[in-house]
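Chains as they are written, first to last, in the working numbering: chain A, 1 to 184; chain B, 185 to 591.
All residues carry an ideal CB built from backbone N, CA and C; glycine is no exception.
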């Protein structure tokens, strides 16, 4: 068995905020309407950011859970065992990305599990498959290598403690020749 | 069929002897040639020998090997020292997948060039057999390493919940998980995946393994992106002594890393000791917190045990700690900004010097009375008495928040 670290790669330039990933996630996992395992938000510079659990290298949820309900699989996916969860909410507070969500129906925490049942069948996670512009992809970050990729972008929470398994292609500033500058 | 295919007996004997590994090949070759045979790795560390009377040192090998690119072994001359006497030898490189994996030496005495030429091909054949044997070993090592990594990974993330299971798995590699262990994380600061850093991590990993072996410990270590994690076996029971042992180990690693110009980029963190292998994952997470806090506070060897207040403040809600800081020191900071004063700086030094006026005055090169005047001013601005224990605690915590770069 090889140790992997599956992670999402998000291309800021390609996302236009259609929310297809968020809807596909909800559809695939049949989560409650208040539970958002994946969230699309608008950043200050009018670009979009689609974030779910980042299956961190040092997951805070994993560290703070008093019931030891979290595990990290050999492929890097952080999973929560709902049988062990007591719904204390410590993981929800601890996660800087707001990944674990409180489910009012089960009164427990739940979170993205990177659609591992789909992955086990050789399919990509639902959010990745639904992304029509391929702004969201997923790779094994232990072997994937691209010089244009960066670890974080403005608007993404501090990555220092948790080392999230996500990489970004930052927005490239483009020259828009058809726009006249305002001071002329 | 007109041709008769004839395989000489000695080739067959060598092939059969190869079943006994490198030692078998050496013994068979030595008995065939009646010369001592030495098999070494690329750094001339002996792997197997046969027919040796005295210890042999390899002095010199003809540098033709630098030009070797193919898989075919070439034979060159070399010089050996046996019992202080210089002797002639011939040497064949063991090449595997185009990479040098070792050398096969035959110590010859004064023999004619004709004899040397006659034994060339048998040495080349033995060398090829050795390369096959080394390939087997390498594959086995890689296979073992994969299983090892998967096991260590499961330990680090608490995926194995049965103590007995962990102990019996550990026994496969000779690791005793009935003893207590602690996790030490070595990390390369500002690790850049796309630069030479991956090679640096490889070197650091081998260096750490070597230091552990030198300390008579079976290395339990794995590489992960940007870090090397060591599960360090604690032999003593006293925490103070164990901390000293760990400090010494880290110092040795750093000294060796200095030779490779890596020491300035390596930072460490040490988790708490755990007697229960199921709970090693906690020690790992603690080691990472210790590493991060150690970097921020400039602590050389940060033990999670020794962190105290910082470990609570570090993970606390950012907005909450910001409000706490503003509530405690906000007025003083504002006063300094409006009046261009140094009262914050003074108070920081006063807190750092354990609220001792004499020590702070010395540290700031101030007269005691000037310092007293400033402290009185600070008390007025904050509307608090600085000799109150609770006020001091609040101020110390607020400065720690600042140090942790939360503000």
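Quick check: what's the CA-CA separation for residue i versus residue j?
{"i": "residue 57(A)", "j": "residue 99(A)", "result": "14 Å"}
{"i": "residue 12(A)", "j": "residue 18(A)", "result": "13 Å"}
{"i": "residue 133(A)", "j": "residue 435(B)", "result": "51 Å"}
{"i": "residue 580(B)", "j": "residue 535(B)", "result": "6 Å"}
{"i": "residue 549(B)", "j": "residue 512(B)", "result": "26 Å"}
{"i": "residue 285(B)", "j": "residue 232(B)", "result": "14 Å"}
{"i": "residue 16(A)", "j": "residue 120(A)", "result": "30 Å"}
{"i": "residue 94(A)", "j": "residue 472(B)", "result": "16 Å"}
{"i": "residue 431(B)", "j": "residue 336(B)", "result": "23 Å"}
{"i": "residue 556(B)", "j": "residue 586(B)", "result": "24 Å"}
{"i": "residue 22(A)", "j": "residue 429(B)", "result": "51 Å"}
{"i": "residue 505(B)", "j": "residue 497(B)", "result": "8 Å"}
{"i": "residue 343(B)", "j": "residue 441(B)", "result": "32 Å"}
{"i": "residue 345(B)", "j": "residue 357(B)", "result": "19 Å"}
{"i": "residue 565(B)", "j": "residue 480(B)", "result": "29 Å"}
{"i": "residue 108(A)", "j": "residue 69(A)", "result": "11 Å"}
{"i": "residue 487(B)", "j": "residue 276(B)", "result": "50 Å"}
{"i": "residue 252(B)", "j": "residue 282(B)", "result": "Note on residue 252(B): pLDDT 48, under 50, position unreliable in the model; the coordinate value appears next. Roughly 9 Å separates the two Cα atoms."}
{"i": "residue 229(B)", "j": "residue 296(B)", "result": "29 Å"}
{"i": "residue 413(B)", "j": "residue 553(B)", "result": "52 Å"}
{"i": "residue 123(A)", "j": "residue 4(A)", "result": "17 Å"}
{"i": "residue 227(B)", "j": "residue 219(B)", "result": "22 Å"}
{"i": "residue 593(B)", "j": "residue 361(B)", "result": "With chain B covering only 185 through 591, there is no way to say anything about residue 593(B)."}
{"i": "residue 250(B)", "j": "residue 291(B)", "result": "Below a pLDDT of 50, predicted positions are generally treated as unreliable, and residue 250(B), at 46, falls in that range; the measurement from the model is reported next regardless. Taking the straight line from one Cα to the other gives about 22 Å."}
{"i": "residue 300(B)", "j": "residue 312(B)", "result": "18 Å"}
{"i": "residue 84(A)", "j": "residue 401(B)", "result": "37 Å"}
{"i": "residue 515(B)", "j": "residue 537(B)", "result": "22 Å"}
{"i": "residue 73(A)", "j": "residue 104(A)", "result": "27 Å"}
Could you tell me the boundaries of the beta strand (DSSP E) in which residue i lies?
{"i": "residue 39(A)", "result": "39-42"}
{"i": "residue 49(A)", "result": "48-51"}
{"i": "residue 285(B)", "result": "283-292"}
{"i": "residue 161(A)", "result": "Unbroken run through residue 161(A): none, as it is neither H nor E."}
{"i": "residue 453(B)", "result": "450-454"}
{"i": "residue 503(B)", "result": "Taken as a continuous stretch (DSSP letters only), residue 503(B) belongs to no beta strand (DSSP E), being part of the alpha helix (DSSP H) at 502-523."}
Between the options, which has its C-alpha nearest residue i's C-alpha?
{"i": "residue 305(B)", "options": "404(B), 194(B), 409(B) and 202(B)", "result": "194(B)"}
{"i": "residue 395(B)", "options": "187(B), 416(B) and 411(B)", "result": "416(B)"}
{"i": "residue 2(A)", "options": "140(A), 171(A) and 174(A)", "result": "140(A)"}
{"i": "residue 467(B)", "options": "343(B), 214(B), 367(B) and 327(B)", "result": "367(B)"}
{"i": "residue 262(B)", "options": "234(B), 222(B) and 281(B)", "result": "222(B)"}
{"i": "residue 331(B)", "options": "225(B), 303(B), 353(B) and 552(B)", "result": "353(B)"}
{"i": "residue 86(A)", "options": "36(A), 97(A) and 65(A)", "result": "65(A)"}
{"i": "residue 584(B)", "options": "491(B), 224(B), 441(B) and 269(B)", "result": "491(B)"}
{"i": "residue 148(A)", "options": "9(A), 4(A) and 5(A)", "result": "9(A)"}
{"i": "residue 502(B)", "options": "173(A), 59(A), 158(A) and 38(A)", "result": "158(A)"}
{"i": "residue 493(B)", "options": "375(B), 577(B) and 328(B)", "result": "577(B)"}
{"i": "residue 37(A)", "options": "112(A), 83(A), 20(A) and 126(A)", "result": "112(A)"}
{"i": "residue 408(B)", "options": "399(B), 300(B), 485(B) and 383(B)", "result": "383(B)"}
{"i": "residue 387(B)", "options": "372(B), 426(B) and 489(B)", "result": "372(B)"}
{"i": "residue 433(B)", "options": "334(B), 483(B), 369(B) and 406(B)", "result": "369(B)"}
Span of the alpha helix (DSSP H) holding residue i?
{"i": "residue 255(A)", "result": "Residue 255(A) lies beyond the stretch modelled for chain A, which goes from 1 to 184, so this question has no answer here."}
{"i": "residue 27(A)", "result": "20-29"}
{"i": "residue 533(B)", "result": "527-536"}
{"i": "residue 82(A)", "result": "First-last for residue 82(A): undefined, no H or E at that position."}
{"i": "residue 467(B)", "result": "464-481"}
{"i": "residue 580(B)", "result": "573-587"}
{"i": "residue 91(A)", "result": "90-94"}
{"i": "residue 188(B)", "result": "Counting along the chain, residue 188(B) falls outside any alpha helix (DSSP H), and DSSP gives it neither H nor E."}
{"i": "residue 548(B)", "result": "541-548"}
{"i": "residue 14(A)", "result": "That residue, residue 14(A), is in no alpha helix (DSSP H); it is neither H nor E in DSSP."}
{"i": "residue 499(B)", "result": "493-499"}
{"i": "residue 555(B)", "result": "552-566"}
Which chain E residues are close to residue i, counting only those with a beta carbon under 7 Å from its beta carbon?
{"i": "residue 68(A)", "result": "Absence of chain E from the displayed structure is noted, the protein chains being A and B."}
**Within the region 203-237 of chain B, ranges of the alpha helix (DSSP H) (whole runs, at least 4 residues)** = 205-217
**Prompt:** If you scan the region 373-430 of chain B from start to end, which runs of the beta strand (DSSP E) of 3 or more residues do you find wholly inside it?
**Reply:** 405-408 and 411-417
**Members of the region 338-370 of chain B near chain A, C-beta cut-off 9 Å** = 338, 340, 341, 342, 343 and 345
**Prompt:** Could you give the uninterrupted runs of the beta strand (DSSP E) lying entirely in the region 316-381 of chain B, keeping only those of 3 residues or more?
**Reply:** Segments of the beta strand (DSSP E) lying fully in the region 316-381 of chain B: 365-372.
**Request:** Report the residues of the region 496-528 of chain B with a CB closer than 9 Å to any CB of chain A, ordered along the chain.
**Result:** 498, 499, 501 and 502
**Item:** Residues of the region 408-422 of chain B with Cβ closer than 9 Å to any Cβ of chain A, in chain order
**Value:** 408, 409, 410 and 411
**Interface residues of the region 77-105 of chain A facing chain B [CB-CB below 8 Å]** = 93 and 94
**Item:** Complete alpha helix (DSSP H) runs within the region 100-148 of chain A (minimum length 4 residues, chain order)
**Value:** Qualifying alpha helix (DSSP H) stretches, in chain order: 116-120 and 126-130.
**Prompt:** Name the residues in the region 467-478 of chain B whose C-beta lies less than 9 Å from a C-beta of chain A; which are they?
**Reply:** 468, 469, 470, 472, 473 and 476
**Item:** Selection of the region 317-336 of chain B by Cβ proximity to chain A, strictly under 7 Å
**Value:** Within the region 317-336 of chain B, contact with chain A at the beta-carbon level (separation under 7 Å) is assigned to 330, 333 and 334.
**Request:** With 7 Å as the limit, tell me which residues of the region 158-179 of chain A have their beta carbon closer than that to any beta carbon of chain B; keep them in chain order.
**Result:** So the close ones are 160 and 161.
**Prompt:** Mind listing which residues of the region 44-72 of chain A have their C-beta closer than 9 Å to chain B's C-betas, in chain order?
**Reply:** 57, 58, 59, 60, 62, 63, 64, 68, 70, 71 and 72
**Request:** Anything in the region 1-26 of chain A with a Cβ closer than 9 Å to a Cβ of chain B? List those residues in chain order, please.
**Result:** 1, 2, 3 and 5
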